[in-house]
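Using the numbering used here, the first residue of the sequence shown is number 1, and each one after it goes up by one. Please read the structure below before turning to the comments.
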Amino acid sequence: MLASILRPHYYVPMFTSAQLEICNQQLNTFDVVQGAWEQESNGFEANAHHVLTHLVRTLVGKDFNNADIVRSDIAPDSVQYALRLGRWIGLAPADLPFKDEVAPRVMIRGVATRLGSLPWPTAAFAEATRNLAHNLHEFGHASTNEQARLDRKEHIGACAGMLLISADFQSNQYDFDLAQAFTERLDYLRNRFGIRHPQTRD
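Here you go:
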């Protein structure tokens, strides 16, 4: 299991608010200015459902114990999805609740225990997925639609915060720079999909 510093009770975030803001600026250029996120104009539900499919595929299909996959894929993608969710509900990066010392450790401990002593990063990722799925499910029913809309900022904010906590835990666990991993992931995606780097001259 992880060292004690990674346990929620002792957790001190390594990823700073300043780094998160820089990542957000990079992602906004990628997603919005360059149109790399195809769902952007389709509203919250379409965007959030698409993110949910990515989270589920990652949770059940990717190896959270593989340091290379975590550094190059899972952790930086978690930051991407957290920032996107925040953008779609009007939360600035500085307002995403990933530095709270009490609520995350309670939720993560509960998820880790309920699902069979999961490592903390995986438990945080699972809790994020649950929060997003819950809000979208409740929104889909007439009887709970209005309350889901009212609860959206809280639930989606919690989801984004858990994704950031998961990524930050992983950067501690495998000793890598999360901001650098984020930038490298965007570079990889640009190359994969043929999206020009914003600093490249024609």
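Don't be surprised by glycine CBs; every beta carbon is placed ideally from N, CA and C. All values reported here derive from a predicted model rather than from experimental measurement.
In three-state DSSP terms, what is residue i?
i, result
"ASP187", "helix"
"GLY140", "coil"
"ASN66", "coil"
"GLN19", "helix"
"GLU38", "coil"
"ASP177", "coil"
"ILE165", "helix"
"ILE195", "coil"
"ALA92", "coil"
"PHE182", "helix"
"LEU150", "helix"
"PRO76", "helix"
"GLY43", "helix"
"GLY116", "coil"
"PHE98", "coil"
"MET14", "coil"
For my contact list, residue i and residue j are in at a C-beta cut-off of 8 Å; report their separation, rounded to the angstrom.
i, j, result
"GLN39", "HIS50", "5 Å"
"ILE22", "ALA179", "7 Å"
"LEU132", "LEU52", "5 Å"
"ALA75", "ALA181", "6 Å"
"LEU136", "ALA48", "6 Å"
"ASP31", "ARG84", "7 Å"
To which residues of the same chain is residue i closer than 7 Å at the C-beta, ignoring the five residues directly before and after it?
i, result
"VAL70", "PHE64, GLN170 and TYR174"
"VAL56", "THR129"
"HIS197", "ARG190"
Give every residue of the same chain whose Cβ lies closer than 8 Å to the Cβ of residue i, excluding the five residues on either side of it in the sequence, and list them in chain order.
i, result
"ASP177", "SER171"
"VAL111", "LEU118, ALA123, ALA124, ALA126, GLU127 and ARG130"
"MET14", "ASP168, SER171, ASN172 and LEU178"
Quick check: does the Cβ of residue i come within less than 7 Å of any heavy atom belonging to the ligand PLP?
i, result
"ARG190", "As far as ligands go, the structure on display features none, and thus does not contain the ligand PLP."
Leaving out five residues on either side along the sequence, give the residues of the same chain with a beta carbon under 6 Å from the beta carbon of residue i.
i, result
"SER17", "ALA94"
- Task: Specify whether the segment 146-166 and the segment 121-130 touch according to this definition: at least 3 beta carbon pairs, one from each stretch, less than 8 Å apart.
- Result: yes
- Message: With three or more C-beta pairs closer than 8 Å as the rule, is the segment 23-36 touching the segment 76-84?
- Response: yes
- Query: Between the segment 151-158 and the segment 86-101, do at least 3 Cβ pairs fall closer than 8 Å?
  - Reply: yes
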